[in-house]
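Engineer: Got a structure for you, questions after.
Numbering (UniProt numbering), first residue to last: 1 to 246.
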């Protein structure tokens, strides 16, 4: 039984700050529930969730987001808006000739504003890609889990995308740095047909490892690269009052 990707979860000391930052940057609402702050996606754009936990750490995170630009003015506008909202420039060793801009959000998570004319992300929407550290095996695993076809499979690098298009999810291939502690970012799934146990059984049959059951009833598992992810027991939208981005 397939699962649906509800969101990518980010831990943060103060989840409200990055939630408001990304809501304003992406033009989304924030929905608060017992788990944290959710910025719902749609059929073509990835959802984001922010929960209490550790802050992002440069070099220790296995995921980061790529935002696209239609032209140079839009790229500059996105960067300026991100800085105004509380983001900051980040040096990760990029070269002077690189055209993308690397920033960090208020929780310390890196993201890139990609230059215009990037053919690989054409048509993916503003939130163009979630790029991850990971092996080809884990890319194939997530392709099967979500039913998303491979749209890139070269030199151990893989990428998948919903059949409806939108945000790509990519893995950069080896070498993958060893894990020293649980990830601060993880996928949050819900059963496509509402049966949590059947979804968990299906994930294990594809190569996942069961870890534990959380206090909220979510089942925590690990993918073939050891990345934690959770399966929640319902596909209902979380209750809560929308917070209008400022």
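Quick reminder that beta carbons are idealized off the backbone N, C-alpha and C, glycines included.
If you're wondering where the values come from, they're calculated on a predicted model, not measured in any experiment.
Within the continuous beta strand (DSSP E) that includes residue 171, where are the two ends?
Structural biologist: 168 to 171
Engineer: Within the 9 Å Cβ cut-off, does residue 182 reach chain D?
Structural biologist: Although the question refers to chain D, the structure presented lacks it and comprises just one protein chain.
Engineer: Looking at the strands, I want to know which residues DSSP matches up with residue 142.
Structural biologist: Answer is none; residue 142 lacks a bridge partner.
Engineer: Who are residue 49's beta bridge partners in DSSP?
Structural biologist: DSSP, once it has assigned bridges, lists 9 and 38 as partnering residue 49.
Engineer: Apart from the five residues just before and just after residue 140, which ones in its own chain have a Cβ nearer than 8 Å to its Cβ?
Structural biologist: 150 and 158
Engineer: How should residue 244 be labelled, buried or exposed, when 16 other C-beta atoms within 10 angstroms of its C-beta is the threshold for buried?
Structural biologist: Here the model assigns residue 244 a pLDDT of 33, short of 50, so the residue's position is not dependable and the matter cannot be decided.
Engineer: Considering only the beta carbon of each residue, do residue 47 and residue 8 sit closer than 9 Å?
Structural biologist: yes
Engineer: Whose C-beta lies closer than 8 Å to the C-beta of residue 10 among residues of the same chain, with five residues either side of it excluded?
Structural biologist: Sequence-distant Cβ neighbours of residue 10 in its own chain, meaning closer than 8 Å and more than five residues away, are 18, 48, 49, 50, 51, 56, 107, 109, 184 and 185.
Engineer: Whole alpha helix (DSSP H) runs in the UniProt domain "Glyoxalase-like" (132 to 231) with 4 or more residues, listed along the chain?
Structural biologist: Within the UniProt domain "Glyoxalase-like" (132 to 231), the complete alpha helix (DSSP H) segments at least 4 residues long are 136 to 146 and 196 to 205, listed from N- to C-terminus.
Engineer: Less than 9 Å between the beta carbons of residue 132 and residue 165, yes or no?
Structural biologist: no
Engineer: Among all the DSSP beta bridges, which residues are the ones paired with residue 72?
Structural biologist: Its beta-bridge partners do not exist; DSSP assigns none.
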